[in-house]
Amino acid sequence: MSMIDDNFIEDVKARINILDIISSYVELKGNAESYKGLCPFHNEKSPSFMVNEKKQIFKCFGCGEGGDAIAFIMKKENLDFMDALKVLAEKANIPWPEDKTITLQQRQTAELREKLLQIHLIAARYYFQMLWNNVDKSLDYIKRRNLSDKTIKKFGLGYAPRSTALREYLLSKGYIEKELIESGLFVSRGTQIKDRFFGRIMFPIFDIRGRVIAFGGRVIDSSLPKYLNSSDTLIFHKKDHLYGLNIAKNNLTRDIFLVEGYMDVIAMHQYGFSSAVASLGTSLTEQQAQSIKKYCNNVYLAYDNDEAGIKATLRGIDILKNNELSAFVLDFSPWNDPDEYLSNNSTEEFETIISNSKSSLQFQIEQIQKKYSLDMEKDKVTFIKEASFVLKKHSSPVEIETEIIRLSDITGLSIKSIGSEVYGKYFSPKQFETQGMKKSSKFTEKNDIKIHKDEEAWLITEFSFLSYLVNHISEYDVIKNMLSKDDFSNEESREIFDMLSDKNLSDVVKEKFKGKNIKYEVISSEQIYNLMLIIKKNSLKMKINHLLQEQKKLDSSNEKDQRRLIEIGMSVMEFTKELDNL
């Protein structure tokens with residue numbers, strides 16, 4: 029237990045040099061005012077990452093990351109503030125302060141926690157040695173699973189023999205029976221203490237700081253249960269942890285893969301997909317989703333290809349969405365899991381599966397589709413209604429548009445009828461026409477910037493929204509927090525929206541609608557929200573498109589243009605992130 033105050037934080041920062049810290053990660057060149065190097069947080073060919081030794085700060089003008097030494101360690105090592113501070117304190121040889129206000133019970137709990145961590149470390153080393161000694165031919169078993177020595181060591185795999193040696197060794201080191209039981213590695217059987225794990229390959233479970241906190245064990249014969257996991261203890265709560273996250277967090281060159289089992293994680297890492305993690309014998313939890321969110325925004329779900337795996341995927345999608353994470357689903361059928369797939373196919377083929385991953389929305393709707401026969405009109409209508417209900421709740425306008433087009437393809441129903449079921453009366457199929465896209469065409473690359481070209485149809489969309497707003501002028505103050513006049517595509521719409529800021533001018537605005545053949549109809553708040561999303565999304569796409577057009581005209585070898593290119597890059601990133609979050 030410890031008490032940290034501002035003085036301690038400032039002492040740590042004063043005792044370390046940001047240049048020394050960052051130089052261990054990045055090759056820097058320059059002088060005390062300005063050191064430059066390639067940014068460790070994004071890929072770049074020309075250095076835009078700057079370190080100011082005098083001010084003890086860093087800044088990347090390419091991706092926008094910046095801050096002090098603590099901020100750098102937090103970002104680079106994927107640590108929270110306190111853990112990053114501990115890393116720097118250790119580098120500066122500053123002892124972590126003791127909290128003099130803790131109670132006796134708190135101190136005893138802290139001491140027990142430390143003992144449990146020591147017991148787990150000793151156990152991990154023991155199991156590891158038993159495996160390398162090939163006790164019960166355990167190493168032969170592991171080698172038959174196509175695991176390399178490097179992978180075995182990387183994950184600290186071991187073997188728990190049918191022996192009392194570990195228990196006896198721990199007792200000889202001064203640990204008492206109560207502490208052994210508290211560790212979860214031993215159980216009480218009458219008057220005896222027995223090992224929980226025996227005759228099993230052991231998978232150490234590490235926390236985010238790399239400390240062993242639990243184990244999973246797999247039998248090497250046909251006995252049951254096949255897998256046995258540590259129960260919850262003072263240092264381990266399975267709902268909070270993800271197997272492999274301690275390694276994956278340092279290898280996030282791509283988004284996280286979420287799989288079911290230990291062997292799936294290990295196989296993926298061995299084949300180069302080193303951002304794979306697994307939930308620990310349970311479906312994904314809210315706490316695990318929050319842990320993932322610290323490191324990425326996108327998750328590839330690669331659960332087993334069976335009924336239980338499909339249910340876990342659907343539940344995982346909901347939990348990830350609740351935590352504002354985007355989910356994509358991998359389909360490696362007819363193989364059952366990633367481990368099996370990678371054992372029988374190439375990494376290039378697995379990359380293709382990743383490229384062809386399904387959006388969570390498409391996967392959800394495909395599971396609904398399995399209940400119906402689209403050859404029957406009644407089933408087709410019921411399917412579309414159920415699918416539309418899912419679409420209404422989804423947050424990504426791009427994915428919704430893609431799915432509406434796909435549903436039109438597979439059912440033969442028009443985009444207009446499906447879109448109206450989702451968006452309501454003010455939906456227009458012309459809203460989906462983007463640079464030659466037709467009903468049957470596939471959606472293009474994710475990063476293509478498409479904007480609406482039919483100005484007349486788009487004007488009707490904006491006027492439909494404004495006609496609602498003029499009749500619900502009390503909602504203007506809420507709506508203006510999401511939209512500004514610059515989000516409208518033409519001068520007249522911008523003028524009308526701006527005039528509505530003065531509620532006394534609402535009658536004047538109503539006059540402007542005369543002769544425009546815009547009939548006001550009562551629509552729901554959900555429908556008006558969808559109209560706002562459509563307008564905002566189109567506005568952002570137009571802004572990105574204009575910036576990309578400007579970018580093409582600039583000369584990267586010109587220093588002035590270089591600065592503008594960086595500004596454009598940062599603006600495009602900002603607008604794209606805003607678009608993704610709609």
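Just so you know, we're using this note's numbering here: the sequence shown kicks off at 29 and counts up by one. Note that beta-carbon positions come from the ideal geometry of N, C-alpha and C, so glycine has one too.
One or two residues paired with residue i in a DSSP bridge
{"i": "LEU270", "result": "SER307"}
{"i": "GLN220", "result": "ARG217"}
{"i": "SER387", "result": "PHE356"}
{"i": "VAL409", "result": "Partner(s): none; VAL409 has no beta bridge."}
{"i": "ALA340", "result": "None; ALA340 has no bridge partner."}
{"i": "PRO232", "result": "PHE243"}
{"i": "LYS73", "result": "Partner(s): none; LYS73 has no beta bridge."}
{"i": "PHE285", "result": "ALA304 and TYR328"}
{"i": "ILE85", "result": "ASN80"}
{"i": "ALA188", "result": "ARG228"}
{"i": "GLY65", "result": "PHE77"}
{"i": "GLN255", "result": "Sequence check: residue 255 is Tyr here, not Gln. For TYR255, which the question treats as bridged, DSSP gives the partners ARG246."}
Cβ distance (whole Å) where residue i is taken to contact residue j below 8 Å
{"i": "ALA306", "j": "TYR290", "result": "6 Å"}
{"i": "TYR611", "j": "ILE233", "result": "Residue coverage of the chain in this structure runs from 29 to 610, which leaves residue 611 outside it and unanswerable."}
{"i": "GLY300", "j": "THR380", "result": "Their Cβ separation, rounded to whole angstroms, is 14 Å, which puts GLY300 and THR380 out of contact at 8 Å."}
{"i": "PRO362", "j": "ASP292", "result": "Between ASP292 and PRO362 the Cβ distance is about 17 Å, and since that is not below 8 Å, they are no contact."}
{"i": "LEU497", "j": "TYR504", "result": "6 Å"}
{"i": "ILE221", "j": "ILE229", "result": "Incorrect: roughly 23 Å between the Cβ atoms, too far for contact."}
{"i": "PHE100", "j": "PHE86", "result": "6 Å"}
Inter-residue Cα distance where the pair is residue i and residue j
{"i": "ILE67", "j": "LYS73", "result": "For clarity, residue 67 is Cys in the given sequence; the question names Ile instead. Computed Cα separation, rounded: 9 Å."}
{"i": "ASN257", "j": "ASP34", "result": "41 Å"}
{"i": "ARG592", "j": "LYS267", "result": "47 Å"}
{"i": "THR430", "j": "LEU389", "result": "10 Å"}
{"i": "ILE294", "j": "LEU56", "result": "35 Å"}
{"i": "LEU582", "j": "LEU576", "result": "10 Å"}
{"i": "ILE347", "j": "THR313", "result": "7 Å"}
{"i": "LEU167", "j": "GLY218", "result": "34 Å"}
{"i": "ILE433", "j": "SER512", "result": "29 Å"}
{"i": "LEU198", "j": "LYS420", "result": "58 Å"}
{"i": "ILE507", "j": "VAL54", "result": "46 Å"}
{"i": "ARG43", "j": "PHE603", "result": "39 Å"}
{"i": "SER371", "j": "GLY238", "result": "28 Å"}
{"i": "TYR548", "j": "VAL357", "result": "With a pLDDT of 45 at TYR548, under the threshold of 50, the modelled position of this residue cannot be trusted, and the question is left open."}
{"i": "GLU196", "j": "THR179", "result": "30 Å"}
{"i": "ILE524", "j": "PHE516", "result": "10 Å"}
{"i": "SER492", "j": "SER521", "result": "11 Å"}
{"i": "GLY245", "j": "HIS148", "result": "14 Å"}
{"i": "LYS171", "j": "GLY337", "result": "27 Å"}
{"i": "PHE226", "j": "LEU194", "result": "11 Å"}
{"i": "SER416", "j": "ILE443", "result": "12 Å"}
{"i": "GLN318", "j": "ILE345", "result": "14 Å"}
{"i": "MET601", "j": "GLN579", "result": "14 Å"}
{"i": "LYS277", "j": "ASP48", "result": "23 Å"}
{"i": "VAL418", "j": "LYS321", "result": "23 Å"}
{"i": "GLN146", "j": "ASP334", "result": "39 Å"}
{"i": "ASP530", "j": "GLY452", "result": "29 Å"}
{"i": "THR341", "j": "ASN350", "result": "14 Å"}
{"i": "LEU132", "j": "GLU139", "result": "11 Å"}
Residues of its chain near residue i, where Cβ-Cβ distance is below 6 Å and the 5 sequence neighbours each way are ignored
{"i": "LYS605", "result": "none"}
{"i": "SER302", "result": "ASN279"}
{"i": "GLU595", "result": "none"}
{"i": "PHE89", "result": "SER76 and ILE594"}
{"i": "ALA355", "result": "VAL327, LEU329, ILE345, LEU348 and SER388"}
Beta-carbon proximity list for residue i, same chain, < 7 Å, skipping 5 on both sides
{"i": "ALA117", "result": "VAL40 and TRP124"}
{"i": "GLY36", "result": "Correcting the residue type first, residue 36 is Phe in the shown sequence and not Gly. Closer than 7 Å at Cβ, skipping near neighbours: PRO125."}
{"i": "VAL163", "result": "TYR187 and PRO189"}
{"i": "SER468", "result": "Residue placement at SER468 is flagged as unreliable, the pLDDT there being 34, under the threshold of 50; a coordinate-derived value is accordingly withheld."}
{"i": "SER599", "result": "LEU575"}
Reference residue i, options the options, closest by Cα
{"i": "ARG343", "options": "VAL115, LEU286 and LEU159", "result": "LEU286"}
{"i": "GLN395", "options": "PRO253, LEU149, GLU414 and VAL327", "result": "GLU414"}
{"i": "SER52", "options": "GLU38, LYS119 and SER62", "result": "LYS119"}
{"i": "GLN316", "options": "PHE360, ILE236 and TYR255", "result": "ILE236"}
{"i": "ALA330", "options": "ASN373, THR375, GLU352 and SER385", "result": "SER385"}
{"i": "LEU607", "options": "TYR63, LEU568 and ASP108", "result": "LEU568"}
{"i": "ASN573", "options": "LYS104, ASN586, GLN590 and GLY597", "result": "GLY597"}
{"i": "THR137", "options": "GLY184, THR261 and GLY94", "result": "THR261"}
{"i": "ILE46", "options": "VAL79, LEU159 and LYS64", "result": "VAL79"}
{"i": "LYS565", "options": "LEU528, MET510, LEU441 and ASP403", "result": "MET510"}
{"i": "TYR328", "options": "TYR154, LEU353 and LYS339", "result": "LEU353"}
Close-in-space but distant-in-sequence residues of the same chain around residue i (CB under 8 Å, 5 per side omitted)
{"i": "TYR400", "result": "ASP407, LYS408, THR410 and PHE411"}
{"i": "LEU113", "result": "ILE32, ILE37, VAL40 and ILE98"}
{"i": "SER176", "result": "GLN298"}
{"i": "GLY92", "result": "MET598 and MET601"}
{"i": "ARG141", "result": "LEU262 and ILE263"}
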